[in-house]
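Participant: In case it helps, our numbering puts the sequence shown at residues 10 to 82.
Where is the CB? At the ideal position from N, CA and C, for every residue including glycine.
Got a structure for you, written out below as structure tokens; questions coming shortly.
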Amino acid sequence: MAQHVAQPTPTTPVVPAKLPLKDVAPWAVFFGVLMLVLLYFVGAEQGATSVVSGEGVHEWVHDARHLLGFPCH
10 MAQHVAQPTP TTPVVPAKLP LKDVAPWAVF FGVLMLVLLY FVGAEQGATS
60 VVSGEGVHEW VHDARHLLGF PCH
């Protein structure tokens, strides 16, 4: 009974495409601002600094506050 052994085939190395920083920068700024707004709503949206009146935002992000270590009670 013959055994078949897989032989490696020569391939050309894969070179990742270069991505200019000027193409990435606007998206990085956009997502950075988005994350800061999200962090505000999760961490500080209640009490005297509240942008939205009522407890709606607090109730929606209540568990995320505790997960991230923000006290709320």
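1. Throw me the rounded Cβ distance for the residue 73 and residue 51 pair, which I believe falls under 8 Å.
2. What are the uninterrupted segments assigned as beta strand (DSSP E) that are 3 or more residues long and contained completely in the stretch 11-75, given in chain order?
3. In angstroms, rounded to a whole number, what distance separates the CA positions of residue 28 and residue 18?
4. Out of curiosity, what's the CA-to-CA distance linking residue 80 and residue 53?
Facilitator: In short, the structure shows the following:
1. 5 Å
2. Whole beta strand (DSSP E) segments, 3+ residues: zero.
3. Rounded to whole angstroms, residue 28 to residue 18 spans 30 Å at the Cα level.
4. 10 Å
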